[in-house]
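Protein chains: 2
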Amino acid sequence: MSNNPAEKPKQTQYSRSRQKHEARILQVAEEVFAQFGYNGATIDTIAERAGLSKQNMLYYFSSKHLLYQKVLENILGIWLDSMALLDQSGKDPASKLENYIRRKIELSRTRPNGSKVFATEIINGAPHLSEEIKTKLLSRFEEDVRLVESWISEGMMDPIEPKHLFFMIWSTTQTYADFSAQIEIILGKKKLTASDFEDATKLVSRVILKGTGLRR
Amino acid sequence: MSNNPAEKPKQTQYSRSRQKHEARILQVAEEVFAQFGYNGATIDTIAERAGLSKQNMLYYFSSKHLLYQKVLENILGIWLDSMALLDQSGKDPASKLENYIRRKIELSRTRPNGSKVFATEIINGAPHLSEEIKTKLLSRFEEDVRLVESWISEGMMDPIEPKHLFFMIWSTTQTYADFSAQIEIILGKKKLTASDFEDATKLVSRVILKGTGLRR
DNA sequence: AAGCCGTTTAACCATTTGGTAAAAAATGCT
DNA sequence: AGCATTTTTTACCAAATGGTTAAACGGCTT
Numbered sequence: 002m003s004n005n006p007a008e009k010p011k012q013t014q015y016s017r018s019r020q021k022h023e024a025r026i027l028q029v030a031e032e033v034f035a036q037f038g039y040n041g042a043t044i045d046t047i048a049e050r051a052g053l054s055k056q057n058m059l060y061y062f063s064s065k066h067l068l069y070q071k072v073l074e075n076i077l078g079i080w081l082d083s084m085a086l087l088d089q090s091g092k093d094p095a096s097k098l099e100n101y102i103r104r105k106i107e108l109s110r111t112r113p114n115g116s117k118v119f120a121t122e123i124i125n126g127a128p129h130l131s132e133e134i135k136t137k138l139l140s141r142f143e144e145d146v147r148l149v150e151s152w153i154s155e156g157m158m159d160p161i162e163p164k165h166l167f168f169m170i171w172s173t174t175q176t177y178a179d180f181s182a183q184i185e186i187i188l189g190k191k192k193l194t195a196s197d198f199e200d201a202t203k204l205v206s207r208v209i210l211k212g213t214g215l216r217r
Numbered sequence: 002m003s004n005n006p007a008e009k010p011k012q013t014q015y016s017r018s019r020q021k022h023e024a025r026i027l028q029v030a031e032e033v034f035a036q037f038g039y040n041g042a043t044i045d046t047i048a049e050r051a052g053l054s055k056q057n058m059l060y061y062f063s064s065k066h067l068l069y070q071k072v073l074e075n076i077l078g079i080w081l082d083s084m085a086l087l088d089q090s091g092k093d094p095a096s097k098l099e100n101y102i103r104r105k106i107e108l109s110r111t112r113p114n115g116s117k118v119f120a121t122e123i124i125n126g127a128p129h130l131s132e133e134i135k136t137k138l139l140s141r142f143e144e145d146v147r148l149v150e151s152w153i154s155e156g157m158m159d160p161i162e163p164k165h166l167f168f169m170i171w172s173t174t175q176t177y178a179d180f181s182a183q184i185e186i187i188l189g190k191k192k193l194t195a196s197d198f199e200d201a202t203k204l205v206s207r208v209i210l211k212g213t214g215l216r217r
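Top to bottom, those sequences are chains A and B. Residue numbers for the first sequence follow this note's numbering, beginning at 2 and rising by one. Residue numbers for the second sequence follow this note's numbering, beginning at 2 and rising by one.
What follows is the structure, given as structure tokens:
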């Protein structure tokens with residue numbers, strides 16, 4: 002009843018197909034939750050867009066709430082990784098901050114729906130966010146704050162409140178995902194292009210670096 | 002049938018009480034829509050918080066959709082006014098921009114729920130926003146852009162894309178309303194205080210002014 | 001070929017929710 | 001006081017929606 006002792010999750014034909022389905026559902030769900038919010042999204046809509054019947058979808062994710070949790074977990078995982086970026090790549094502060102900004106905007110470009118789901122969650126008062134994940138995000142964040150504080154105390158940048166600096170970076174970078182509808186209207190485009198995101202990256206980096214007294 | 006020819010809307014006892022009710026409902030509705038989104042908000046909840054029966058509330062606003070429209074119109078009106086600020090108060094560019102930022106953050110403090118409703122609306126792709134109001138916002142905005150362009154061409158500030166500068170200002174200032182839940186967690190407070198908003202104003206102004214090469 | 005296990009469908013259901021219709025109660029006006 | 005107008009309540013309702021249960025289906029292994 003088991004002749005592949007090395008592999009952990011067995012990998013049958015079944016589980017392969019299941020993985021595909023689950024991945025597709027999660028992707029579609031992210032879209033739908035982003036567009037309609039938790040309450041506005043119906044499991045019917047999600048199932049339909051994923052090409053399944055409602056009951057069949059419920060076979061893979063037994064409730065709407067659970068599905069939403071998974072979607073949220075997914076993007077929060079990515080978020081967490083992109084946060085820790087600050088104390089990665091070992092160059093000067095300016096480059097680090099610039100890379101941080103670049104990555105954040107890149108995330109807005111590649112995962113706009115995830116960003117929107119997260120944004121809506123926060124706007125509504127984070128009703129579905131577990132304490133566990135909150136504290137995880139928080140502790141990861143505090144490392145970044147300490148790093149910026151050290152830069153300040155070493156006189157490498159202006160003495161500003163690091164927390165508010167991060168609020169500024171997060172908001173300016175996420176706005177290209179969350180408020181894309183508004184930005185598209187103003188720029189007169191149907192959809193933001195890669196070069197729009199490049200413009201954004203350049204401007205945000207420039208203003209933040211110069212504005213905090215960092216130079217490359 | 003009319004013995005007060007001067008006043009326009011008659012002002013009977015009825016209409017006075019009606020005004021009060023409508024104002025209260027609108028205020029509560031803004032709260033509830035901000036907290037639960039359009040679909041998550043129920044007219045029952047709104048009515049209850051306003052101290053009325055559902056049916057009675059429907060007497061004042063005949064449908065949920067209409068009520069939402071009114072809430073949206075309300076804040077958009079305020080938005081429009083705060084936009085035009087740029088070409089108000091006739092001092093130097095730096096002061097003007099700083100005032101603009103200050104006002105925006107002030108709005109985040111005083112009308113956080115309106116901001117949240119608007120934000121959710123945009124995140125969801127602005128499904129309820131009429132073309133009329135979009136073009137109005139747009140034309141008002143373009144005036145501001147032209148002003149900034151003139152500052153640039155006169156060498157008063159760095160040559161940056163004004164549109165993106167505004168995206169940056171809007172996002173950084175609105176984040177104190179929209180993402181207050183996140184910010185509160187990070188700052189470890191139950192609710193943001195006036196001095197938090199003051200800190201925010203100072204930092205955002207400082208970074209943006211210095212970052213764009215403006216000085217007072 | 002047969003049975004087993006994972007998947008899909010069919011039939012159903014209880015609750016929630018936005019909204020209607022009409023009667024009853026207040027309130028203002030002459 | 002008596003009538004008209006406005007406000008509030010009572011009684012309903014149809015559609016939408018999240019979810020359950022059980023039966024049918026299909027392919028893989030022995």
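Beta carbons: idealized from backbone N, C-alpha and C, even for Gly.
query, result
"Secondary structure at A:Lys192, three-state DSSP: helix, strand or coil?", "coil"
"Identify, in the order they occur along the chain, each residue of the same chain with its Cβ nearer than 6 angstroms to the Cβ of A:Asn114, setting aside the five sequence neighbours on each side.", "Glu31, Glu32, Ala35"
"Would the segment 125-144 of chain A and the segment 180-195 of chain B be scored as touching if the rule is three or more Cβ pairs under 8 angstroms?", "yes"
"Please state the DSSP three-state secondary structure of B:Gly156.", "coil"
"Relative to the C-alpha of A:Leu193, which residue among A:Thr173, A:Ala120, A:Arg110 is closest?", "A:Arg110"
"Comparing C-alpha positions only, which one of B:Glu143, B:Leu68, B:Lys97 sits nearest to B:Leu81?", "B:Glu143"
"Any C-beta of chain B sitting closer than 8 angstroms to the C-beta of A:Tyr39?", "yes"
"In this structure, how does DSSP classify A:Phe180 when only helix, strand and coil are distinguished?", "coil"
"Quick check: A:Val29 and A:Ile106, are their CB atoms within less than 8 angstroms of each other?", "no"
"Kindly indicate if chain B contains any beta-carbon less than 8 angstroms away from that of A:Met84.", "no"
"Do the segment 145-157 of chain B and the segment 54-70 of chain A meet, that is, are 3 or more Cβ pairs less than 8 angstroms apart?", "no"
"Let me confirm a value: A:Gly78 is counted as buried when at least 16 other C-beta atoms fall within 10 Å, else exposed. Which label applies?", "exposed"
"Which residues, in chain order, does the segment 120-133 of chain B contribute to contact with chain A at a C-beta distance below 8 angstroms?", "Ala120, Thr121, Ile123, Ile124, Asn125, Gly126, Ala127"
"In terms of residue numbering, what span does the alpha helix (DSSP H) encompassing A:Arg216 cover?", "Careful: A:Arg216 lies outside any alpha helix (DSSP H) and carries neither H nor E."
"Applying the 10 Å Cβ sphere with the 16-neighbour rule, what's the burial state of A:Glu199?", "exposed"
"Can you check which of these residues, A:Val72, A:Ile153, A:Ile102, is closest to A:Ala120 by C-alpha distance?", "A:Val72"
"Counting only the same chain and skipping the five closest in sequence on each side, list residues whose C-beta sits under 7 angstroms from that of B:Trp152.", "Pro94, Met158"
"Just the chain B side, please: which residues come within less than 7 angstroms of A:Lys164 by C-beta, in chain order?", "Ile187, Leu188"
"Terminal residues of the continuous alpha helix (DSSP H) containing A:Pro113?", "113-124"
"Spatial neighbours of A:Arg216 within its chain, please: CB distance less than 8 angstroms, with the 5 preceding and 5 following residues excluded, ordered by chain position.", "Ala95, Leu210"
"Assuming B:Ile76 and B:Val118 make a contact with CB atoms under 8 angstroms, what is their CB distance in whole Å?", "7 angstroms"
"Give the secondary structure of B:Leu77 by DSSP, where H, G and I count as helix, E and B as strand, and everything else as coil.", "helix"
"Would you check if the distance between the CB atom of B:Ile47 and the CB atom of B:Tyr101 is smaller than 8 angstroms?", "no"
"Does B:Phe198 come within less than 8 angstroms of chain A when only Cβ atoms are used?", "no"
"Compute the Euclidean distance between the alpha carbons of A:Gly212 and A:Pro160, then round it to the nearest angstrom.", "11 angstroms"
"Near A:Leu98, what residues of its chain come up, given a Cβ to Cβ distance below 6 angstroms and the 5 sequence neighbours on each side ignored?", "none"
"Just the C-alpha distance for A:Asp45 and A:Lys203, rounded to the nearest angstrom, thanks.", "42 angstroms"
"Using the Cα positions of B:Arg104 and A:Thr176, report the straight-line distance between them to the nearest angstrom.", "20 angstroms"
"I'd like the span of the alpha helix (DSSP H) that includes B:Lys92, first residue to last.", "From DSSP, B:Lys92 is part of no alpha helix (DSSP H); its letter is neither H nor E."
"Can you list the residues of chain A that B:Lys135 reaches, using a CB-CB cut of under 9 angstroms?", "Ile186"
"Taking the alpha-carbon positions, what's the A:Tyr69 to A:Gly214 distance?", "42 angstroms"
"I'd like to check one pair, A:Phe168 with B:Asn40: are the Cβ atoms closer than 8 angstroms?", "no"
"Could you check whether the Cβ of B:Arg207 sits closer than 8 angstroms to any Cβ belonging to chain A?", "yes"
"Determine the extent of the alpha helix (DSSP H) in which A:Glu49 is found, giving its start and end residues.", "44-51"
"Since A:Thr173 and B:Ser172 should fall inside the 8 angstroms C-beta cutoff, what is the C-beta to C-beta distance between them, to a whole number of angstroms?", "5 angstroms"
"What number of angstroms, rounded off, separates the C-alpha of B:Gly189 from the C-alpha of A:Arg112?", "29 angstroms"
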